[in-house]
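Engineer: Take a look at the following structure, please.
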Amino acid sequence: MSEACGLLVTAKLVKPLDGDAPHLDSLLEYAMSLHHHAGEPGYKVDRALPAPPMGAIPIPIKRARLGPWLVGCCSNPILGRVHAEGVQYINKRIGVEKAALLAENARHVVATTNSWTKSWRVPHRTRLVDKVCWFAFGNRKILLKTLKSHVRFIGRKRSVGDGMVGDWTVDKLDHDYSWFAPSEHGTVLMRTLPAGDWLPDDLVGFKQDFGGVCPPYWHPERYSEIVVPC
Amino acid sequence: MSKSYTILCHAEALSPITHMSGSSGNESIVAREAVVTPRGVAMIPCLSGNAIRHRCVRDPGMQWLVDAYGLKGKLTLKHLNFLFHGGNLTDGGGREDTRRIADFQRLWPLGRLLGGCLPDQILAGSLQVWRGTMACEENHPYLASVLPGETLGSRRLRASETFITGYQYIRADAVKTKTDLASGKEPCRVEGTTTAGYNAFMEGLAPLIGDIDAATLPQSAPGKKSEEWWVETPYVPWPQLDAIIPKGVAKVSDRKSNLMIFAGQAITRGAAFLLGFTVPHSSELELGALLWSLQLWQAAGGTVGGQAARGHGRLGLSILDFGEDVPGLIDAYKDYAMSVKDEAVAWLEAAFATKAKEPKPAKPKKGEAA
Chain A
107 MSEACGLLVT AKLVKPLDGD APHLDSLLEY AMSLHHHAGE PGYKVDRALP APPMGAIPIP
167 IKRARLGPWL VGCCSNPILG RVHAEGVQYI NKRIGVEKAA LLAENARHVV ATTNSWTKSW
227 RVPHRTRLVD KVCWFAFGNR KILLKTLKSH VRFIGRKRSV GDGMVGDWTV DKLDHDYSWF
287 APSEHGTVLM RTLPAGDWLP DDLVGFKQDF GGVCPPYWHP ERYSEIVVPC
Chain B
4 MSKSYTILCH AEALSPITHM SGSSGNESIV AREAVVTPRG VAMIPCLSGN AIRHRCVRDP
64 GMQWLVDAYG LKGKLTLKHL NFLFHGGNLT DGGGREDTRR IADFQRLWPL GRLLGGCLPD
124 QILAGSLQVW RGTMACEENH PYLASVLPGE TLGSRRLRAS ETFITGYQYI RADAVKTKTD
184 LASGKEPCRV EGTTTAGYNA FMEGLAPLIG DIDAATLPQS APGKKSEEWW VETPYVPWPQ
244 LDAIIPKGVA KVSDRKSNLM IFAGQAITRG AAFLLGFTVP HSSELELGAL LWSLQLWQAA
304 GGTVGGQAAR GHGRLGLSIL DFGEDVPGLI DAYKDYAMSV KDEAVAWLEA AFATKAKEPK
364 PAKPKKGEAA
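Protein chains in written order, with the numbering used here: chain A, 107 to 336; chain B, 4 to 373.
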C-alpha cells in the first residue's frame, strides 16, 4: 500500500451513539461491499451461510496475516468522554387501525403478547460521546475520502439517526499504534487479536476471550481464541 | 444511475407537538435527547428518527401504493405487517434468494428505501432518517455544521425551554353530564344504614317498577344484628330514583364520577425543527418515492407524535433546495409505480405464498420391514 503511515482516525459525533462503536475495518468493508463485486454486499452476509472470504473487499487500511486470520491494522474503537448515558425505546406493533385493508378471511383476533405479532418496546442503551477514535495504518487520503463519502452514521439504529457523524478527520502519526502501543509497564494491546505466540512477551492491558478478529466479527466461522484490550 | 442525496427540511410546528417519551407521575413528558452545551449536558426536545421514518415516509407512501394497486381489502396480516411495519423474520433461514431481492428493489422503489423483513429473509433498506432537531440555542453548533453555507450564520436562537409549554384536558363522565340519556338503561345499587330508610325506599320503589315484585330484587334487607341494607333496582330513571332515596343516602346524581384530568408537556406552536434524510446510492425513482411520501404526509395533515385527534402534532414542512426537480421526480415515480403494478402485486403475493408442506413418509407398521 503506497503512502501508508500511522493514522489517527476521529469521528466527531453530533448525535448519541446507540450500542458500541464498530471496528474500523468492518465499517470500511461494509461501506465498500456495496460497490465491490468481489465480496458479498454487507446485508447479505448471514450467520447461517458460510462466511465471505477474508480480504476480498479492498479497504484503505493495511491487513496482515496472523495464523489463518487476515487482521486489519486498526485499533479497537476508543470512545471519548461520555457526557450522558441514557436509554431510548424502539417500539413496534401491528397497525390494527388498518384492519380495513385486510382481506375478509384475514380479519381475526391478533395476539399482541406473543408470536410474530407481539408488540415491542425494546430498550437501547445510548451514550452521548463527542468523538470516537481509532489508530490505524493505511492511506490517509483514500481513507478520509471513503469515510466522508460513505459513512454518515455509526453504531446501531443508524436508519433512525443515531450515531450521526458531524465530521471525519484523519491525522498522520509518526508511529503505528494500530495493534500495540508502548508504555512504561510494557506493550499495551490496542486491538482484538488472535491468541498465539506472535503476541509480545511483555503484553499488558488484555484479557483472553473467544470471538472474531476480522469482519464479519459476529460470524461463527470467524470465532477463535483471542486477546481483547481491557 | 445511482447517486447519494441528502435532503434537509425545515419543519415548523403549526400546533402543539406532543411527541412523548413517557410520563412522570401523571404528566406526559416530551421526548428529549442529550446535547452537550458550554453549560453542561442539556436535555433538548427532539423528534425521534423512528417516528419520522414511519409517520412521514412509510405510512403515507405504502398507503398510496395499497390504494393505487387496489389492494384494499385483499391483504393478509403478514402483508400488512410487512408493508406498514417492516415485517418479521419468522421462518428458518439459511437461504438468500437474490432474485427476490433484486425484483423487490426494482418493483418497489419505496421498499428499496425502507427495507423490510419477509418471513424467511431480511431485505435491507437504504434510507437514513435523521432525528428531528429543534432549532434552539443549544443545538446551534449542530445546525451550523449540517446546514449548507451560511444558512444559519451568526443568527441567535432562543433556548429550548422557551418552546416548552403544557396542556391539560378533562375526560368527562356521563354520570355528570348525560344523566337524562343514561337513566332507565341500567340497574342501580342503592345502599342505606337504617331499617326505616329501607322500608321507605321499598315503598316508594314499588310503583316505579311496575309488575316487578320489589321483594324479588337482588337485595340485602336490614336484620337484627345490622341495619345496613342494599337493593339493586331495575330500570328506573335516575331523577325518579333520587326522589325516593331516603335522607342520609347518597343520591344517584351526587355519586362520584370518573372525571379524569390528564396533562402533559408540549412543544409550542412556532417551534422549528430540522429534519434530514440521507439516501445513499439512490436512483431517481427512490428519491421520487421519498418526496412523494413526504408530500402525501403533508397533504394528510402532516402530524407527528400523539393527540393528532385533538389537533396536536401538525408540522409544516418545506424542503430546502437540493438542486433537483422535485415535481419531476415525483411524477416519474408515480408513473413507474403504476407501470409495474401487476408485477409488484405478483411479487408481494409470491413472497408470502404459503409453502406446501412435504408429506412425511408413513411410519412402517409393526412387523413390516422399514
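The C-beta atom is built at its ideal place from N, Cα and C for all residues, glycine as well.
Over the uninterrupted beta strand (DSSP E) stretch that includes A/L176, give me the two end residues.
Structural biologist: W175 to G178
Engineer: If you count every other CB in all the chains shown that lies within 10 Å of the CB of A/Y329, and 16 or more means buried, which is it?
Structural biologist: exposed
Engineer: So the candidates are A/L208, A/I200 and A/L207; which of them puts its Cα closest to the Cα of A/T218?
Structural biologist: A/I200
Engineer: Counting only Cβ-Cβ distances shorter than 7 Å, please list the residues of the segment 55–66 of chain B near chain A, keeping chain order.
Structural biologist: R56
Engineer: Report the neighbours of B/K77 on chain A: residues whose CB is nearer than 7 Å to its CB, in chain order.
Structural biologist: Those within 7 Å of B/K77 in chain A are A209.
Engineer: Measuring CA to CA, which of B/I270, B/G316, B/A311 and B/Y339 is closest to B/C139?
Structural biologist: B/I270
Engineer: Looking at the structure shown, is B/W300 part of a helix, part of a strand, or coil, going by DSSP?
Structural biologist: helix
Engineer: With a threshold of 8 Å between beta carbons, is A/V334 in contact with chain B?
Structural biologist: no
Engineer: Assuming the contact rule is C-beta atoms closer than 8 Å, A/P326 and A/F312 should be a hit. Round their C-beta distance to whole Å, please.
Structural biologist: That belief does not hold up - the Cβ atoms of A/P326 and A/F312 are roughly 23 Å apart, past 8 Å.
Engineer: Could you tell me the boundaries of the alpha helix (DSSP H) in which A/W324 lies?
Structural biologist: Note, A/W324: premise wrong, no alpha helix (DSSP H); not H, not E.
Engineer: Name the two residues that bound the continuous alpha helix (DSSP H) containing A/D277.
Structural biologist: No alpha helix (DSSP H) contains A/D277, which is instead part of the beta strand (DSSP E) from V271 to L279.
Engineer: Using DSSP bridges, identify the partner residues of A/P335.
Structural biologist: A/F312
Engineer: Can you tell me whether B/W233 is helix, strand or coil according to DSSP?
Structural biologist: strand
Engineer: Use the C-beta contact count for B/T219: other C-beta atoms within 10 angstroms, 16 or more gives buried, fewer gives exposed.
Structural biologist: exposed
Engineer: What span of residues does the alpha helix (DSSP H) with B/R115 cover, start to end?
Structural biologist: Annotation: the continuous alpha helix (DSSP H) that includes B/R115 extends over P112 to L117.
Engineer: Use the C-beta contact count for A/H129: other C-beta atoms within 10 angstroms, 16 or more gives buried, fewer gives exposed.
Structural biologist: Counting the other Cβ atoms within 10 Å of the Cβ of A/H129 gives 16 or more, which makes it buried.
Engineer: According to DSSP, what are the bridge partners of A/N245?
Structural biologist: A/A110
Engineer: Given a cut-off of 8 Å, decide if A/F243 and B/Q131 are closer than it, judged by their beta-carbon atoms.
Structural biologist: no
Engineer: Give the DSSP-derived three-state secondary structure of B/P48 in the structure shown.
Structural biologist: strand
Engineer: For B/S31, report the span of its beta strand (DSSP E) as first-last.
Structural biologist: Annotation for B/S31: the continuous beta strand (DSSP E) segment containing it runs E30 to V33.
Engineer: Going along the chain, which residues of the segment 265–299 of chain B sit with their C-beta nearer than 9 Å to a C-beta in chain A?
Structural biologist: G279, T281, P283 and H284
Engineer: Ignoring anything shorter than 3 residues or poking outside the segment 180–209 of chain A, list the beta strand (DSSP E) runs there in chain order.
Structural biologist: Qualifying beta strand (DSSP E) stretches, in chain order: 188–198.
Engineer: Determine the extent of the alpha helix (DSSP H) in which B/K344 is found, giving its start and end residues.
Structural biologist: K344 to A354
Engineer: Sort B/K369, B/Y339, B/P364 and B/A356 by Cα distance to B/Y72 and report the nearest one.
Structural biologist: B/Y339 is the residue among B/K369, B/Y339, B/P364 and B/A356 whose C-alpha sits nearest the C-alpha of B/Y72.
Engineer: For the alpha helix (DSSP H) holding B/Q66, just list the boundary residues, first then last.
Structural biologist: D62 to A71
Engineer: Going by CA-CA distance only, name the one from B/R56, B/E164 and B/S5 that's closest to B/L278.
Structural biologist: B/R56
Engineer: Once DSSP output is grouped into helix, strand and coil, what is the label at B/I212?
Structural biologist: helix
Engineer: Out of A/P159, A/F241, A/R227 and A/L176, which has the shortest C-alpha to C-alpha gap to A/G112?
Structural biologist: A/F241
Engineer: Report the residue from B/A365, B/E346 and B/A356 whose alpha carbon sits nearest the alpha carbon of B/A105.
Structural biologist: The shortest C-alpha separation from B/A105 is found at B/E346.
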